[in-house]
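Colleague: Questions regarding the structure given below will be posed in turn.
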């Protein structure tokens, strides 16, 4: 026998019902990222400084 107060309480969905349907299909256009691939001048300078440090540390430069 159920308690009268339980009738107002929402019922949680069964844990397996989350997986009853597949998610919507992903379009091919949404899979590709489009961005600029040229290095930023600040990043290039930092990379050159790191390379110079590495070469000096190992005794090559």
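In the working numbering, the protein residues as written are 2 to 62.
Where is the CB? At the ideal position from N, CA and C, for every residue including glycine.
In this text, all values refer to a predicted model and were calculated from it rather than measured experimentally.
#1: Does DSSP put residue 31 in a helix, in a strand, or in coil?
#2: Can you grab the Cα-Cα spacing for the pair residue 60 / residue 27, in whole Å?
#3: Closer than 8 Å by C-beta to residue 33: which residues in its own chain qualify, once you throw out the five before and the five after it? Chain order, please.
#4: Alpha carbon to alpha carbon, how far is residue 17 from residue 10?
#5: With H, G and I counted as helix, E and B as strand and the rest as coil, what does DSSP make of residue 49?
Modeller: In short:
#1: helix
#2: 52 Å
#3: none
#4: 21 Å
#5: Helix at residue 49.
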